[in-house]
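One structure is given below, encoded as structure tokens.
Residue numbers (this note's numbering), protein chains in the order written: chain P, 240 to 426; chain D, 240 to 426.
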């Protein structure tokens with residue numbers, strides 16, 4: 240039931256926005272009472288926090304797996320970009336809430352989410368740093384800005400990527416990583 | 240006075256969100272009456288539309304200038320990325336509203352904004368296409384996906400770029416365009 244409440248809420252938050260969706264809207268959409276909601280969540284904010292935590296914890300776990308199981312740093316980079324785009328495909332609505340509704344978390348809750356978001360970013364920075372040491376990437380890179388560029392290209396796909404379009408999530412990741420690794424100028 | 244209302248509203252919308260800000264909040268922050276507001280805008284939605292139009296029209300005008308005045312396609316690309324990042328620096332609050340609050344425009348208003356957003360993107364696609372024809376960019380590029388990647392890297396900076404940080408908007412654009420043109424792998 241908890242998962243069902245979360246699912247229904249994600250759909251409503253995406254469509255109407257977090258602030259505009261009431262607990263009454265959520266329970267009405269499921270045909271249950273407010274009591275059911277309050278059995279699992281103390282407030283709408285706690286539910287939003289739960290969605291955020293679920294999203295980032297899932298990403299961090301998959302990122303750990305990528306870093307551990309791939310030997311080349313180029314592969315680790317590709318799998319990371321692919322993870323972000325495929326996650327938007329699988330969890331499109333949750334992704335939109337993750338990017339759009341962070342402003343509705345209070346400071347105490349942000350203090351739990353922001354370090355996790357940063358961890359994902361720092362792991363990419365480390366991956367680039369170690370890839371430079373191994374000679375896979377150029378030595379003179381501004382690692383932190385490049386990381387923001389990679390995250391930007393991948394995360395922005397939540398704005399436009401259509402899972403039913405002509406390209407798959409893997410093909411989009413391939414185009415991006417080829418651009419990031421090889422550049423687009425003619426040689 | 241119209242500009243002053245717009246300025247104050249942008250600041251309030253950024254802080255509290257569009258839906259959560261009332262016309263009363265706006266006029267209170269300026270020490271004027273609702274009559275003043277309604278002299279210039281028929282509704283809060285019209286004001287939001289005005290902010291969106293102002294933002295995208297300004298970008299399109301600057302983009303036209305870039306395309307006309309630079310001879311190399313690499314320069315046109317650099318200036319476009321720099322435009323997006325510097326615009327976030329100059330118009331940070333308006334940029335956040337432009338990216339976050341589009342969902343609050345009705346269909347009729349979206350029908351005026353979306354083609355302008357698309358125009359900005361298509362101009363980048365054209366720039367890449369012509370750059371390929373001139374031999375500046377590689378021939379086998381997926382132009383539309385690369386364009387989304389470039390827009391993503393640049394636009395995402397509204398989430399993290401700090402105009403008072405160690406790097407200027409121009410330096411960030413230089414790091415991004417070097418990555419986009421040359422790639423990060425060692426050669």
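Don't be surprised by glycine CBs; every beta carbon is placed ideally from N, CA and C.
Please check if any C-beta of chain D sits within less than 9 angstroms of the C-beta of residue i.
i: residue 394 of chain P; result: yes
i: residue 252 of chain P; result: no
i: residue 258 of chain P; result: yes
i: residue 415 of chain P; result: yes
i: residue 406 of chain P; result: yes
i: residue 367 of chain P; result: yes
i: residue 293 of chain P; result: no
i: residue 374 of chain P; result: yes
i: residue 274 of chain P; result: no
i: residue 266 of chain P; result: no
Comparing C-alpha positions only, which one of the options sits nearest to residue i?
i: residue 384 of chain P; options: D:363, D:412, D:370; result: D:412
i: residue 288 of chain D; options: D:300, D:322, D:395, D:342; result: D:342
i: residue 416 of chain P; options: D:404, D:389, D:402; result: D:389
i: residue 262 of chain D; options: D:283, D:387, D:252, D:310; result: D:283
i: residue 325 of chain D; options: D:291, D:400, D:359, D:347; result: D:400
i: residue 274 of chain D; options: D:240, D:420, D:255, D:305; result: D:240
i: residue 424 of chain P; options: D:368, D:358, D:387; result: D:368
i: residue 246 of chain D; options: D:307, D:365, D:394, D:329; result: D:329
i: residue 359 of chain D; options: D:299, D:327, D:308; result: D:299
i: residue 311 of chain D; options: D:380, D:345, D:376; result: D:376
i: residue 414 of chain D; options: D:393, D:402, D:403; result: D:393
i: residue 255 of chain D; options: P:291, P:344, P:363; result: P:344
i: residue 320 of chain D; options: D:243, D:403, D:386, D:421; result: D:386
i: residue 422 of chain D; options: P:378, P:296, P:253; result: P:378
i: residue 302 of chain P; options: P:286, P:364, P:374, P:277; result: P:364
i: residue 306 of chain P; options: P:366, P:380, P:242; result: P:366
i: residue 290 of chain P; options: P:403, P:243, P:308, P:357; result: P:243
i: residue 349 of chain D; options: D:276, D:285, D:314, D:252; result: D:285
i: residue 357 of chain P; options: P:296, P:251, P:309; result: P:296
In or out: residue i buried (at least 16 other Cβ within 10 Å) or exposed?
i: residue 270 of chain P; result: exposed
i: residue 351 of chain D; result: exposed
i: residue 235 of chain D; result: No statement about residue 235 of chain D is possible, as the shown extent of chain D runs from 240 to 426 and does not include it.
i: residue 469 of chain P; result: Since the first residue of chain P shown is 240 and the last is 426, residue 469 of chain P is not available in this structure.
i: residue 405 of chain D; result: exposed
i: residue 318 of chain P; result: buried
i: residue 340 of chain P; result: buried
i: residue 372 of chain D; result: exposed
Would you say residue i lies against chain P (beta-carbon separation less than 9 angstroms)?
i: residue 418 of chain D; result: yes
i: residue 261 of chain D; result: no
i: residue 423 of chain D; result: yes
i: residue 270 of chain D; result: no
With a Cβ-Cβ cutoff of 9 angstroms, do residue i and residue j count as a contact?
i: residue 397 of chain D; j: residue 338 of chain D; result: yes
i: residue 279 of chain P; j: residue 333 of chain P; result: no
i: residue 427 of chain D; j: residue 370 of chain D; result: Examination of residue 427 of chain D is not possible in this model, given that chain D is present from 240 through 426 alone.
i: residue 249 of chain D; j: residue 336 of chain D; result: yes
i: residue 266 of chain D; j: residue 260 of chain D; result: no
i: residue 418 of chain P; j: residue 382 of chain D; result: no
i: residue 292 of chain D; j: residue 355 of chain D; result: yes
i: residue 480 of chain P; j: residue 331 of chain D; result: Because chain P spans 240 through 426 in this model, residue 480 of chain P falls outside it and cannot be assessed.
i: residue 313 of chain P; j: residue 258 of chain D; result: no
Subject >> Short-range partners of chain D found in the stretch 323-354 of chain P, where Cβ spacing is below 8 angstroms >> reply: 339, 342
**OP:** Could you name the residues of the stretch 376-389 of chain P whose beta carbon sits closer than 7 angstroms to any beta carbon of chain D, in the order they occur along the chain?
**Re:** 376, 377, 380, 381, 384, 385, 387, 388
**OP:** Check distances from the C-beta atoms of the stretch 303-317 of chain P to those of chain D and list, in chain order, the residues that come in under 8 angstroms.
**Re:** 313
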